[in-house]
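These protein sequences, in sequence, are chains A and B. Counted from 1, the first sequence has number 118 at position 109 by this note's numbering; the numbering is strictly sequential. Counted from 1, the second sequence has number 107 at position 98 by this note's numbering; the numbering is strictly sequential. No residue lacks a Cβ here, since even glycine has one placed at the ideal position from N, Cα and C.
Number of protein chains: 2
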Amino acid sequence: MPSDALKTAVPRVTGRPVTIDPDAVAAIALRLFAERGYEQTSMEDIAREAGIGRKSLYRYFAGKAELVWGGMEPVIEVSGRVLDSARAAGGADGGVLAGLREAAVAGVAVLPDLAVTRGRLRLIAEHPELASRSYESLAPQRERARAYLVSAGVREDVAGYLCAALIGATFEAWMQWAAGTDPDPAPYLVAAVGVLRVPEP
Amino acid sequence: MPSDALKTAVPRVTGRPVTIDPDAVAAIALRLFAERGYEQTSMEDIAREAGIGRKSLYRYFAGKAELVWGGMEPVIEVSGRVLDSARAAGGADGGVLAGLREAAVAGVAVLPDLAVTRGRLRLIAEHPELASRSYESLAPQRERARAYLVSAGVREDVAGYLCAALIGATFEAWMQWAAGTDPDPAPYLVAAVGVLRVPEP
DNA sequence: CACTTTATGACACGCTGTGTCATTATGTAA
DNA sequence: TTACATAATGACACAGCGTGTCATAAAGTG
Chain A
10 MPSDALKTAV PRVTGRPVTI DPDAVAAIAL RLFAERGYEQ TSMEDIAREA GIGRKSLYRY
70 FAGKAELVWG GMEPVIEVSG RVLDSARAAG GADGGVLAGL REAAVAGVAV LPDLAVTRGR
130 LRLIAEHPEL ASRSYESLAP QRERARAYLV SAGVREDVAG YLCAALIGAT FEAWMQWAAG
190 TDPDPAPYLV AAVGVLRVPE P
Chain B
10 MPSDALKTAV PRVTGRPVTI DPDAVAAIAL RLFAERGYEQ TSMEDIAREA GIGRKSLYRY
70 FAGKAELVWG GMEPVIEVSG RVLDSARAAG GADGGVLAGL REAAVAGVAV LPDLAVTRGR
130 LRLIAEHPEL ASRSYESLAP QRERARAYLV SAGVREDVAG YLCAALIGAT FEAWMQWAAG
190 TDPDPAPYLV AAVGVLRVPE P
């Protein structure tokens, strides 16, 4: 059963209650990654340190990368919801790019601890295997942005290019923020969206 | 020893000559992937079908994904060289975006067989594991584009956003071309670069 | 007390990617 | 012919990932 199904599950009234806290497990994993390195830390190491079984670990995380990328999911989720509501509202003020910019920045607010996020992103930056996963992890955002743009009248192929460029640029923005010490990622994201334009039809 | 070292090696005058043709091996791998599926084809299957040892296979290809992505290397290489020479020439006519556009299109010319490339890209599109690798595989192009932009006077952070967006958009262009039946990828690449802009400083 | 669900533990499996090692094949140059 | 250098094989081993099954225990509900 994927972790999504667990997270979005209706609160049960029957059965043994959940005892494993995925966030706590992920935090332990991040600590081990920082201490011993990502490749040098096996899934069994993490399970042992978290005091759970290896199978239980795979129950909440589809793979090793999920332990790192999972923490970014709220950002992606919120950012996507902003796009959806903007689509429902029938376009944003200041053009479609303003809508994309607003959505990208909106994701920042849901992060409980920016320091942890910075560590997460630095880990991603250091490991090509993790950085590559941005294409998969950000796929939902890409699709929602595409739907938003198409509904706003942007030609379909152009919408595809714009979304791909958007994802690439915003990911780079997060990377640049993580590499430095600035507290607020928002200016980076705004600047990233600034390299986009909607060509004349 | 990485395959790069083998490919760029000076022609030897001594020792046993090379008998394995990497291109032929990759072609066999692509055929097997098409027949049985990517995941369902093991490295041992490929080695057996190619009539070579598994170790020899790893000698020429760092991993399974390399068998698919390897064929795109000439495109990336040529595209990067165009950027380097444009940088040496001190900027291109029509602004930096024209330089990026020209470099992206230049890569198309070196492809010996567009039909094979289309098959390759479709395989990549179907498998997230392969599509994700675009971030790694196109990294050299990203870095060369960054150097080109910075030398052209673009602010460094903006250059980063532009390059990330460029890579994302051009990859999407290749994907869209591969999904259809148009013979020429160039218009797709031109349109992809069209969503970029260099913001005013 | 049933019933439901979580979690464990053990065991097995195929595959990737890495490594070592001895051995054979095939060329060039002295 | 001989010496040398390199390519390639085959065998064997290994850690790790991710998947799967199965029986069992724990901890709550009605």
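First and last residue of the uninterrupted alpha helix (DSSP H) at residue i
i	result
P31/A	31–45
A134/A	123–135
G87/B	Looking at the sequence itself, residue 87/B is Val, so the reference to Gly does not match. From DSSP, the alpha helix (DSSP H) with V87/B extends over 82–97.
L66/A	63–69
L76/B	73–78
R25/A	Here R25/A belongs to no alpha helix (DSSP H), and DSSP marks it neither H nor E.
P192/A	First-last for P192/A: undefined, no H or E at that position.
A59/B	52–59
Contact under 8 Å by Cβ, residue i with residue j
i	j	result
A74/B	L66/B	no
A35/B	G177/A	no
A187/B	R131/B	yes
V204/A	Y170/B	yes
A148/B	L158/B	no
F180/A	S143/A	yes
R129/A	V84/A	no
R110/A	S160/A	no
S88/B	Q150/B	yes
V202/A	L175/A	yes
A182/B	V117/B	no
Alpha-carbon to alpha-carbon, residue j and residue i
i	j	result
E48/B	I37/B	15 Å
A43/A	S51/A	13 Å
V119/B	V105/B	23 Å
P137/B	D193/A	32 Å
F70/A	D30/A	12 Å
L15/A	A107/B	The predicted model places L15/A with a pLDDT of 40, which falls under 50 and marks its position as unreliable; any figure quoted below should be read in that light. Those two C-alpha atoms are separated by around 49 Å.
D102/B	V163/B	16 Å
A154/A	E165/A	12 Å
I61/A	A134/A	29 Å
R45/A	E58/A	13 Å
T126/A	V91/A	21 Å
A33/A	L39/A	10 Å
D54/A	T28/A	20 Å
T190/A	D191/B	47 Å
R63/A	L139/A	21 Å
P26/A	L123/A	31 Å
G99/B	V114/B	20 Å
V19/A	G80/A	Below a pLDDT of 50, predicted positions are generally treated as unreliable, and V19/A, at 49, falls in that range; no measurement from the model is reported.
M184/A	E86/B	25 Å
S146/A	G72/A	13 Å
Coarse secondary structure for residue i, derived from DSSP in three states
i	result
L175/A	helix
L106/B	helix
L147/A	coil
L214/A	Nothing can be reported for residue 214/A, as the shown portion of chain A is limited to 10 through 210.
D13/B	Caution applies to D13/B, whose pLDDT of 38 falls short of 50 and renders its modelled position unreliable; the model cannot decide the point.
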